[in-house]
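Chains as they are written, first to last, in our numbering: chain E, 2 to 116; chain F, 1350 to 1464.
Structure (structure tokens):
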């Protein structure tokens, strides 16, 4: 079985400040990890993913995430927030076994960016 | 590419009525996923298909829900009879290939309101 926990359902930052969205996962096999973003009234869009290899993954719009196996974490960061980053962010895990082929999503974190 | 197409974008119906949601995946994608998003339960996988065959329907909430994929270009999710608790946003997503870290591309969703 696999699961994802996103710490903090709402995060608020000022424009230009660091963005940090937290994600911890549980998986019985080496996981594939994803961050998706959802803008209002739209579907989800892939920001970045970790498969194997380099643990620091860079995505679109200046976001990056680091896979830390020892901490079972995959936190999302951006050095400087922009107003356009305001959206809901979902962490997801895909693994093997009975969960193969399926994405399990966290509950989502709503990011608000203040001027 | 047109992306994943869903119709209708909004549906308002009365309790007891049949509801049919439609999805056209991206051409060449052989996996199709149906998700439901609610405030209370977040994003849930309902069912997914591979090459038009249902692989895992363990997320389908009850017998009132059914899904079909008669060909590679079309899938439906039907609710009969509908209930107010079915009100949610329903997303369709598609993916190419058997590798589970390939990106899932999401449609814009259908917002269903059951009165």
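Where is the CB? At the ideal position from N, CA and C, for every residue including glycine.
Ranges of the beta strand (DSSP E) found wholly within the region 1396-1437 of chain F, counting only runs of at least 3: 1402-1405, 1414-1420 and 1423-1428
Test: residue 1374 of chain F CB closer than 7 Å to a CB of chain E: no
Delimiting residues of the beta strand (DSSP E) encompassing residue 25 of chain E: 20-27
Contacting residues, own chain, Cβ-Cβ under 6 Å from residue 1460 of chain F (five flanking each side not counted): 1359 and 1438
Beta-carbon neighbours of residue 6 of chain E, restricted to chain F and to distances below 8 Å: Those do not exist, as residue 6 of chain E stays about 12 Å from chain F at its closest Cβ, beyond 8 Å.
Cβ of residue 106 of chain E within 7 Å of any chain F Cβ: yes
Cutoff 7 Å: residue 54 of chain E Cβ touching any chain F Cβ: no
Chain F contact for residue 43 of chain E (CB, 7 Å cutoff): yes
Cα-Cα separation between residue 73 of chain E and residue 1363 of chain F, rounded to whole angstroms: 45 Å
Chain F contacts from the region 68-92 of chain E (Cβ-Cβ distance under 8 Å): 91
Same chain only: Cβ atoms within 6 Å of residue 1452 of chain F, ignoring 5 sequence neighbours per side: none
Straight-line gap, residue 1552 of chain F to residue 70 of chain E (C-alpha atoms, nearest Å): Residue 1552 of chain F is absent from the structure shown; chain F starts at 1350 and stops at 1464.
Residue 63 of chain E - DSSP class collapsed to helix/strand/coil: helix
Extent of the continuous beta strand (DSSP E) run through residue 94 of chain E: 88-95
Of the listed residues F:1353, F:1464, F:1355 and F:1371, nearest to residue 1415 of chain F (C-alpha basis): F:1371
Which of helix, strand or coil DSSP assigns to residue 10 of chain E: Residue state, collapsed to three classes: coil.
7 Å Cβ cutoff met for residue 61 of chain E and residue 89 of chain E: no
For residue 115 of chain E, the residue or residues it bridges with in DSSP: BP columns for residue 115 of chain E point to E:15.
Closest residue to residue 1351 of chain F among F:1375, F:1413 and F:1464 (Cα-Cα distance): F:1375
Through-space distance from residue 1430 of chain F to residue 59 of chain E, alpha-carbon basis: 45 Å
Per-residue contacts from residue 60 of chain E into chain F (C-beta, under 8 Å): None at all; the shortest Cβ gap to chain F is about 11 Å.
Chain E within 7 Å of residue 1457 of chain F, Cβ atoms only: Judged by the 7 Å Cβ criterion, residue 1457 of chain F is in contact with chain E.
Cβ-based neighbour list, residue 33 of chain E, same chain, cut-off 8 Å, excluding 5 preceding and 5 following: Contacts found: 50, 51, 52, 94, 95 and 96.
Cβ-Cβ separation, residue 1395 of chain F to residue 1408 of chain F (assumed contact under 8 Å), whole Å: In this structure residue 1408 of chain F is in contact with residue 1395 of chain F, their Cβ atoms being roughly 5 Å apart against a cut-off of 8 Å.
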